[in-house]
Amino acid sequence: MGVLRVDGLTKAFGIETLFSDVSFELRRGDKVGLIGANGTGKTTLLRCLLGFQQADNGQVSLPAGETVGYVEQDSGTGKHTFYQELASAYSDVLGWQADMRRLETAIAAEKNEAAQAELLNEYAKIVDRFERGGGYEYENNIRRVAFGLGFTDADFERTLDSFSGGQKTRISLARALLR
Numbered sequence: 004m005g006v007l008r009v010d011g012l013t014k015a016f017g018i019e020t021l022f023s024d025v026s027f028e029l030r031r032g033d034k035v036g037l038i039g040a041n042g043t044g045k046t047t048l049l050r051c052l053l054g055f056q057q058a059d060n061g062q063v064s065l066p067a068g069e070t071v072g073y074v075e076q077d078s079g080t081g082k083h084t085f086y087q088e089l090a091s092a093y094s095d096v097l098g099w100q101a102d103m104r105r106l107e108t109a110i111a112a113e114k115n116e117a118a119q120a121e122l123l124n125e126y127a128k129i130v131d132r133f134e135r136g137g138g139y140e141y142e143n144n145i146r147r148v149a150f151g152l153g154f155t156d157a158d159f160e161r162t163l164d165s166f167s168g169g170q171k172t173r174i175s176l177a178r179a180l181l182r
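All residue numbers for the sequence shown refer to my numbering, where the first residue is 4 and numbers rise by one.
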């Protein structure tokens, strides 16, 4: 079986059919181009393949443990920093980290031993999720990917709207690589 299999995928908006009965299989190492005029459904097809949008018919199969990355055409803009944009790939890890800090404060303040033991048990579960989710490596991963794509330490504090179009494309690629 290939890494990605598509059988009979169909998508329409109202009376306009964007694509009908699309079927193919991709194997590891395949390189594919998706070419067509503007507005013909290329992005919609990709969004259906990734599960961001529901197809009207058909099936997309991906073996367990496999993931598909996607670099969006329209890269992020805004007032948040480049570092924040890349760190958003680790939203679960960042949530667990915040929970750990909250519990550390609660454990230190708790005087009742039974209640403290319960908090410690909850803390241990969250630390386990944090570790399995790459919590101790995420900052190094962000730096490795960013530097590999030609960004510098100074770029981490720049806002997204200060980057050029080409740099924003590389930011989108970095975000996809970190997911």
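Glycine is no exception: its CB is placed at the ideal position from the N, C-alpha and C atoms.
Rounding to the nearest angstrom, what Cα-Cα distance links residue i and residue j in this structure?
i, j, result
"Gln100", "Ile174", "24 Å"
"Arg178", "Glu113", "40 Å"
"Thr185", "Tyr86", "Lying outside 4 to 182, the shown extent of the chain, residue 185 is not represented and no answer is given."
"Glu69", "Ala40", "30 Å"
"Ile38", "Ser23", "16 Å"
"Glu88", "Lys128", "27 Å"
"His83", "Ala92", "14 Å"
"Gly169", "Leu180", "17 Å"
Put residue i into one of helix, strand or coil per three-state DSSP.
i, result
"Gln161", "Just to set this straight, residue 161 is Arg in the shown sequence, not Gln. Here Arg161 sits in coil by DSSP."
"Phe166", "coil"
"Thr155", "coil"
"Glu140", "coil"
Taking C-alpha atoms, which residue in the options lies nearest to residue i?
i, options, result
"Leu123", "Gly61, Gly81, Leu106, Ser23", "Leu106"
"Arg30", "Gly11, Thr108, Val6", "Val6"
"Glu125", "Ile145, Arg104, Leu48, Glu142", "Arg104"
Where DSSP assigns a beta bridge to residue i, which residues make up the other side?
i, result
"Val25", "Leu12"
"Glu19", "Phe16"
>> I'd like the ranges of any beta strand (DSSP E) spanning at least 3 consecutive residues and lying wholly in the segment 28 to 69.
In response: 60 to 64
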